């Protein structure tokens, strides 16, 4: 039987676009696509999530909920995009297993994206359970918890669903979790993920989402975006 330490062992790897990811031996899984960590996150969560929501709603302020803070890549890309777009983002993220300093300090995202390494590391070193203004454009609120046990105090405009693959972490992709996402979103809120499994699409539709299959990032045929199409009335 694996020890807790073995379960949480992580190996630093380089993906095809030159950006780092982490490999989890106990799950035989990686935090990002081996075809490119930055490419994947930029395509799935920024282009087809954040930018889509902004273009559709014509607003300059939104709230984002992320399932799986992980390496902090999605938070970093969102921080950079918020500044570039001139928008205000309240960013709530949960993570059951925060990374240790000796791991996140080695990640090369800031070098590849042309931003300050200290600004990236601040996303990780900022206090948990306390909202913190990272920049004039983004406030970060991290919670150390599992999604199953997380009790949201508000609703959100956009959900980045970035859990490990359904085959590796099926409990995260159950219908109950998809329904929870639906209930956590504001009217016309958006759910976006790298996965395009048939069961996921069926569960999203059953929960009440309008589901869209989109071209995936490099190395992946499809991804999914779902919208909670309804009026506030």
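In the numbering used here, the protein residues as written are 29 to 261. No residue lacks a Cβ here, since even glycine has one placed at the ideal position from N, Cα and C. No experiment lies behind these values; they were computed from the predicted model shown.
Distances from the alpha-carbon of residue 193 to those of 56, 46 and 45 put 56 closest. By the beta-carbon neighbour count (other beta carbons within 10 angstroms, threshold 16), residue 68 is buried.
Below 8 Å, too few C-beta pairs join the region 82-92 and the region 50-65 to call them touching: fewer than three. About 17 Å separates the beta carbons of residue 77 and residue 168, which is beyond the 8 Å limit, so they are not a contact pair. The shortest CA-to-CA distance from residue 128 to any of 153, 148, 224 and 117 is the one to 153. Take the alpha-carbon of residue 157 and the one of residue 219: they are about 23 Å apart. In the DSSP assignment, residue 120 is bridged to 93 and 169.
Linking residue 97 to residue 150 through their CA atoms gives a straight-line distance of about 13 Å. For residue 188, the enclosing beta strand (DSSP E) covers residues 184-189. Note on the region 196-228: whole beta strand (DSSP E) runs with a minimum of 3 residues are 213-221, in chain order.
Annotation for residue 145: the continuous alpha helix (DSSP H) segment containing it runs 145-153. Membership of residue 79 in any alpha helix (DSSP H) is not indicated, and neither H nor E is assigned to it by DSSP. Restricting attention to 174, 203, 240 and 253, the CA atom closest to the CA of residue 188 is found in 253.
Within a 10 Å sphere around the beta-carbon of residue 179 sit fewer than 16 other beta-carbons, which makes this residue exposed.
Within the model, the alpha-carbon separation for residue 40 versus residue 49 is close to 6 Å. Looking at the backbone, the Cα of residue 235 and that of residue 226 are separated by about 14 Å. Separation of residue 142 and residue 182 (C-alpha to C-alpha, rounded to the nearest whole angstrom) is 34 Å.
Where residue 115 is concerned, there is no enclosing beta strand (DSSP E), because DSSP gives it neither an H nor an E. In the three-state reduction of the DSSP assignment, residue 58 falls in the strand class, which pools E and B.
Exposed is the label assigned to residue 258, since fewer than 16 other Cβ atoms lie within 10 Å of its Cβ.
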